[in-house]
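**Q** One structure, as structure tokens, below. Some questions next.
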Amino acid sequence: MPTCAAFGCSKRTVLFCFPKESHRRRAWINAVGRTSLPKNPRLCSAHFEACCLDDSTRLQCELLGSRKRRNQLKPDAIPTIFPYKTPRQLRHSSQSWPVKPKRRT
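So for the sequence shown, UniProt numbering puts the first residue at 1; every next one is plus one.
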């Protein structure tokens, strides 16, 4: 079962595949901030602002009486909501801790 590639996220709501186009894919990878990703990474809808979702498909399905009401992303959508710290951020924050002075012998 696929899961969200964002660090610390265990939500399994609507999952979106990473884009195929290299410039958009690179933008998603930079936004996620992980050093390694699964083979087919996906992000859940919790990492996108409401303005990134294309509601026209959902509204069209509702009007036609279709049961399928899955939201789709707009072509230029970039994930921006990451409430959990990434391993990279944790590593940087630990470097700022004070270091104990060494004892003289």
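Positions of the beta carbon are idealized from the N, C-alpha and C atoms, including for glycine.
What is the DSSP secondary structure of Y103, counted as helix, strand or coil?
**A** The sequence shown places Arg at residue 103, not Tyr. It is coil, neither helix nor strand.
**Q** Output needed for C44: all residues of its chain with C-beta closer than 8 Å, excluding positions within five of it in sequence on either side, in chain order.
**A** For C44, where only same-chain residues beyond five positions count, the Cβ hits under 8 Å are C4, A6, C9, K11, R12, T13, V14, L15, F16.
**Q** Among N71, F82, K102, N40, whose alpha-carbon lies nearest the alpha-carbon of N30?
**A** F82
**Q** Indicate the three-state DSSP secondary structure (helix, strand or coil) for R42 in the structure shown.
**A** strand
**Q** Taking K39 as the reference, give the member of V32, P2, K102, T80 with the closest Cα.
**A** P2
**Q** Starting from D76, follow its DSSP beta bridges and name the residues at the other end.
**A** DSSP output for D76 lists no bridge partner at all.
**Q** Among K74, A46, T35, P41, which residue has its Cα nearest to the Cα of D55?
**A** K74
**Q** Reducing DSSP to helix, strand and coil, say where C4 ends up.
**A** coil
**Q** Can you give me the C-alpha to C-alpha distance between L90 and P41, rounded to a whole angstrom?
**A** Unreliable positioning characterises L90 in this predicted model, as indicated by a pLDDT of 48, which lies under 50. The coordinate reading is nonetheless provided below. Cα to Cα, the separation comes out at about 22 Å.
**Q** Cα separation between H23 and R103?
**A** 52 Å
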